[in-house]
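Sequences listed follow chains G and Y, in order.
Quick note, the first sequence lines up with residues 1 to 770 if you use the working numbering.
Quick note, the second sequence lines up with residues 771 to 1065 if you use the working numbering.
C-beta: ideal position from N, C-alpha, C; glycine also.
Small disclaimer: the values here were computed from a predicted structure and weren't measured.
Notes follow once the structure below has been shown.
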Amino acid sequence: MRTELNLIGKPVSRHDAWAKAKGDQLFSDDWSMPGMLFGKVLRSKYPAAVLKRIDTKKAEELPGVKAVLTAKDVPVNEDVTKFGQMRDVGGGFEGLYRVLASGRIRSKSEAIALVAAESPETAEEALKLIEVDYEVLEGVFDPREALKEGAYSVTGDGCGNVIMRTKICDGNIEEAFKKCDVIVENDYETTPNEHAYLETEGGMGWIDENGVITLRVGTQVLEHYRTIAKVLGLPHNKVRNIGVPVGGGFGGKEDITVEMYIALLVQKTGRPVKMVWSREESIESHSKRHPEYLHYKTGATKDGKILAQEVSIVMDGGSYTYLTPWVQMYSTFAAPGCYKIPNVSVKSVSAFTNNTFNSANRGFGAPQVNFASERQMDEIAARLNLDPVELRRRNVLHDGDRLPSGHVPRGHIALKELLDKVNKELNRSSKPDRLPDGRKVGRALALGHMVYGRLNFLHDSSRVSIRLELDGSVTLRAGVPDLGGGQASVLAQIVAEELGLEIEDVHPYIMDTHLTPLCGTTTATRQLYMSGNAALKAAVQMKEKILEKASALSGCPVNMLALKNRKVYSVIEPETISIPFVDVIKHLSNDGEVLENIAQFNAPFTEVPDLNDIKGELNPDITYTCHGVELAVDEQTGKIELLRVIAAADAGRVINRNSCEGQLEGGCVYHAWWPTMEDLKQENGITMANSFSTYLIPTAADVPDIESILIESGGGLGPYGAKGIGEPADNSIAPAVVNAIRDAIGVGFNKMTVTPEKILNAVLSFKNKE
Amino acid sequence: MNTMIIEQEFEYVKPGSLFEALDILAQTNNVKIYAGGTDLIVKLKTSGINMDAMMDINGIPELSELTASGGNGLVIGSAVKLSRIEKHPAVKSNYSALFEALMSMASVSVRNMGTLGGNLANASPAADTAGPVICYKGILELMSRSGIREVPAEDFFISSGVSAIRPDELLTRIKLPAVNKNTGAKFIKTGRVKSDIAKVSFTVVIEREGSKIKSCRAAAGSAAAKPVYLRTVSESLKGRIMTRELITETVDRIAGIIEPIDDQRTTAEYRKELIKVIAADAFSKAWSLSGGKLI
């Protein structure tokens, strides 16, 4: 019988909280082994070139060097890009994955050779001894240029630089524009940004006592072991990743990073090998968020009803396909915004360039279009002389509304509640025009919507196992990479809740490809939804068994029994009928019952849509957010200061309040400075800002208190009605910031990066015009 | 480049006395001084340094002393950590502009390592403490086997990365003379985030006599190839009655004098705009701290 929830929704301490707070937690770089070698990657000097010749002789002769590998030494150097899916999708989705460069080099920092040596210094020296002859080519660095007729061919196959084209259409856009009183057209540009995790990519590997290539590498996708096995020419059961808690991922550790190189060097040398990237190597070589060039044309009636929206998107995919087509699906899907618009056309195209490849970054294609569509709303409101909040109120999606693809979201749509709550909090006192020190004050908000759970046509699934121990504790096994978001702890919390235990009674063993059931990737804001449901299913099935046994022991019917405080008790006579949890386990064991249970949860399955006319449900459900910002703009210097940030989301159901608020706050910090400060300064394929002294991110000293508002509609598809929160948490903050700048000084910025220098120029020219 | 290791080979020495340190400097070529390492180690990793030996001065007792001197003056050993200086009560009360500069620097962890001596001897145009030390008439004591030189801070900086220190000399102490009463001071810096190197910084120390400026010293950071003492502007203000108009006129002059560059952090043009704003702010705040009223 379901009683009141004991742990769910509470601010529970995570199982690993103390270890992390005290610095006891071991991360990738903390592991070592006797006889360990140090691996290092030689990377291309040029963003566009042909690799003419590599001579590794001098490097191999350097004392202490144990292996130098180039493309010819890799058993299977080319495969298609996978990221943990259980199903081959094919089509244009899976591009070339090349381990080491051969032929045409597509970006600076592309891996050319690998070295393993007795010390990091020797490995570094060996890299300098590798002779590489390049034929430098012109390259192309802007996707709009790359799409032109006769543009430089990034792949060299002469088939143009298009990665993928997609389209979503609904209604009749041409006719609808004729009925509009105002039409607002703008170009938007978003910049690539760096994930900036604390821990750079790293890990180690060795051959274990059974001849298995064993890795201890932090990753978001344990399932890359399959690609590693293929590249090494081994069966899947001969490559194992034990995983380590990840010091931040944000999508940057979704693609293969060090694990392939380590595995190759271990296979070649037979020795343990460690590889950790420096901050500069990490920033220069891992993926970035896709820069997008967006054109929005929106038509509305004079009473503020949006009738039509036409969007075109050009995405920079960078040097290789990686996750570009998937990100593009998200951008295309989210482009119309949070509104019920009867006539919509979204066309998107992604292109290869010679920039660092672009791939997953928290939000996965949604933040770019969310920035543009929410900026667009404030521009329409200004044109109609209407309050931007009121314009949103008149157009937001409600339960039962159909999206342009024809899909009706399964979960609750809380946009109206979020809008009203944030608006009320933001304007709880009237806005001063200026602060006492003379700075102008701006206030604005923005809505956001982002899916959680993978694309349905990936046929996603997750498995979790629990084992009852004879002392009444529980061992939970789940192949869930924990990125610091509490992805593992939440599973223990769910199992503890269902079995009437405390969270410390459930110990999670996580992220081992061959000893824990595979949970799928920690990406797509899917772990709570997918693995949470699998854990819930495993626990509920086990609970039934426990209650049946307790019923037999007590004579009390099963539906009158409940689990709480480490006891099975009768809800009618809790004083007289109460059996310690551990005693029931002992009875189950004596009677030869299986004390272990693995359960699998499957997401909805659909087929790959027609990319020229996308219809139907792409993802299972959507999380909605709203961000409110109050900021000050110094008109003399162009400097902005965030004064207040309000972050609101419909979490469906909060599982761990600490973690959920942490995600909301982290999301704000992650993206509040994306439009105004973070700048990689990419120049012709070279990342100039490759360290934290040149690529600045805010520190705690820059961030104001963030006020969190969590709505719990119960309308999610996760356990207890939860929705995913990880990525949606960063989605609507960026447009809220830029909208607030517009509110303060009357100038709307559509192209990132909105620096103080640009704001000052805008203020000066705005004043001149007046 | 691999910033996880130091590739360069060098000798590391850690003298236990000033005598020993000066001997090493006299006898060894290409010695780099390690005080806090917050710049030196980064440079070693990123670009390498022409250096045969690294001399760690943290074992020399005199250089880690922070003492009050005549009146309310202060003598700061060159290896004293920035965080220790910022916590000294006399710094906050008597040298508020220096205190503000220290608090604006990097992060707590970097200030726990970095030193005042290092920040000055590194001779970066952006050195935050340079402006306050110049404006408080700081004297830098340079010692070698052949003797002691005392160099006024305003003459210490030659160009970016180059100071008045000779290869055989060691910066040993920074002496800040007593501050007269009716003095107000202000340091203002603008960065991209709170923990950043300055786009521009400005320091002013004003001594007031009634409604007149008795003396004034102003300096600008990240505004030229070195930290600059704005001598002519400072001297021209002597004896003037402080007014808003005077501030406006002065900051326009300053914007005309400085020679900033375009770099990673901002543009020369923006720096010229920015310095007018922060200098005007600094002048009016320093004047008010000196007890003066702005008319």
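Can you check the stretch 624–656 of chain G for any beta strand (DSSP E) of at least 3 residues that lies completely inside it and give the ranges in chain order? List check, beta strand (DSSP E) in window: 640–650.
If I follow the unbroken alpha helix (DSSP H) through VAL451/G, where does it start and stop? No alpha helix (DSSP H) contains VAL451/G, which is instead part of the beta strand (DSSP E) from 440–452.
Does any CB atom of chain Y fall closer than 8 angstroms to the CB of LYS108/G? Under the 8 angstroms criterion on CB atoms, LYS108/G is classed as non-interfacial with respect to chain Y.
Using DSSP with H/G/I as helix, E/B as strand and the rest coil, what is LYS424/G? Looking at LYS424/G - three-state DSSP - the assignment turns out to be helix.
Roughly how many angstroms separate the alpha carbons of PHE749/G and PHE601/G, rounded to a whole number? Cα to Cα, PHE749/G sits roughly 44 angstroms from PHE601/G.
Just the Cα atoms here: how many angstroms apart are ILE976/Y and PRO47/G? ILE976/Y and PRO47/G: Cα-Cα distance of roughly 54 angstroms.
Considering only residues of the stretch 326–396 of chain G, which uninterrupted beta strand (DSSP E) runs meet the minimum length of 3 residues and lie entirely inside it, listed in chain order? Counting only runs of 3 or more, we get 343–352.
Alpha carbon of GLU498/G to alpha carbon of ILE242/G, nearest angstrom: Taking the CA atoms as reference points, GLU498/G sits about 28 angstroms from ILE242/G.
Distance, Cα to Cα, ALA381/G vs SER765/G? Taking the straight line from one Cα to the other gives about 23 angstroms.
Within this structure, are the beta carbons of TYR569/G and GLY453/G separated by less than 8 angstroms? No, the Cβ-Cβ distance between TYR569/G and GLY453/G is not below 8 angstroms.
Considering only residues of the same chain and omitting the five flanking positions on each side of ILE782/G, which have a CB-CB separation below 7 angstroms? Residue 782/G lies beyond the range of chain G shown here (1 to 770); nothing can be said about it.
Taking the CB atoms as reference points, tell me whether ASP743/G and ARG443/G lie closer together than 8 angstroms. For ASP743/G and ARG443/G, yes; Cβs fall inside 8 angstroms.
Between LYS639/G and chain Y, is there a C-beta pair that is closer than 8 angstroms? Interface residue, yes.
Mind pulling the chain G residues with CB within less than 9 angstroms of THR808/Y? The premise fails here: THR808/Y is roughly 11 angstroms from chain G at the closest Cβ pair, so nothing lies under 9 angstroms.
Span of the beta strand (DSSP E), counted from its first residue to its last, around LYS40/G: For LYS40/G, the enclosing beta strand (DSSP E) stretches over residues 37–43.
Would you check if the distance between the CB atom of VAL132/G and the CB atom of ILE112/G is smaller than 8 angstroms? Yes; because the gap between Cβ atoms is below 8 angstroms, this pair is in contact.
Please state the DSSP three-state secondary structure of ARG216/G. Reduced to three states, the DSSP call for ARG216/G is strand.
Per the contact definition of three or more C-beta pairs closer than 8 angstroms, is the stretch 903–911 of chain Y in contact with the stretch 921–935 of chain Y? Segment contact: the stretch 921–935 of chain Y against the stretch 903–911 of chain Y, three or more CB-CB distances shorter than 8 angstroms; contact assigned.
LEU836/Y (DSSP reduced to helix, strand or coil): LEU836/Y falls in the strand class under three-state DSSP.
Going along the stretch 686–707 of chain G in order, which residues come within less than 8 angstroms of chain Y, judged by CB to CB distance? Cβ contacts with chain Y: MET688, ALA689, SER691, SER693, THR694, LEU696, ILE697, PRO698, THR699, ALA701, ASP702.
Which partner residues does LEU26/G have in the DSSP bridge list? Paired residues: none, contrary to the question.
CB contact flag (TYR134/G, ALA49/G, <8 angstroms): Cβ distance < 8 angstroms, so TYR134/G and ALA49/G count as in contact.
Would you report the Cα separation of SER285/G and GLY616/G, rounded to the nearest angstrom? Distance from the CA of SER285/G to the CA of GLY616/G, rounded to the nearest whole angstrom, comes to 36 angstroms.
Expressed to the nearest angstrom, what Euclidean distance is found between the alpha-carbon atoms of LYS148/G and GLY139/G? Those two C-alpha atoms are separated by around 13 angstroms.
With which residues is GLU911/Y paired in a DSSP beta bridge? As a beta-bridge residue in DSSP terms, GLU911/Y pairs with GLU920/Y, ARG943/Y.
Can you check which of these residues, ALA796/Y, THR960/Y, TYR999/Y, is closest to LEU940/Y by C-alpha distance? Among ALA796/Y, THR960/Y, TYR999/Y, the Cα nearest to that of LEU940/Y is on ALA796/Y.
Scan the stretch 142–190 of chain G and note each continuous alpha helix (DSSP H) run of 4 residues or more that stays entirely inside, going in chain order. Complete alpha helix (DSSP H) runs here, min 4: 143–146, 173–178.
Reference ALA372/G; option with closest CA among LEU447/G, VAL464/G, SER430/G: When LEU447/G, VAL464/G, SER430/G are compared, the shortest CA-CA separation from ALA372/G is found for LEU447/G.
Please give the ranges of any beta strand (DSSP E) in the stretch 516–586 of chain G, keeping only runs that are unbroken, at least 3 residues long and fully inside the region. Whole beta strand (DSSP E) segments, 3+ residues: 561–564, 567–570, 578–580.
In whole angstroms, what is the alpha-carbon distance linking LYS340/G and THR353/G? Counting only the Cα atoms, THR353/G lies some 35 angstroms from LYS340/G.
On the DSSP letters alone, give me the boundaries of the alpha helix (DSSP H) that PHE766/G sits inside. Run containing PHE766/G: 756–769, per the alpha helix (DSSP H) assignment.
What's the call for PRO815/Y, buried or exposed, on a 16-neighbour Cβ count within 10 Å? Position check: residue 815/Y holds Lys in this sequence, whereas Pro was assumed. By the 16-neighbour rule on beta-carbons within 10 angstroms, LYS815/Y is buried.
Could you please give the first and the last residue of the uninterrupted alpha helix (DSSP H) stretch that includes ASN842/Y? Careful: ASN842/Y lies outside any alpha helix (DSSP H) and carries neither H nor E.
Expected contact under 8 angstroms - CB spacing of PRO728/G and GLY532/G to nearest Å: With 8 angstroms as the limit, PRO728/G and GLY532/G do not qualify as a contact, their Cβ atoms being about 16 angstroms apart.
For ASP793/Y, which three-state DSSP category applies? Three-state DSSP puts ASP793/Y in a helix.
Please report the residue range of the alpha helix (DSSP H) in which PRO859/Y lies. For PRO859/Y, the enclosing alpha helix (DSSP H) begins and ends at 859–864.
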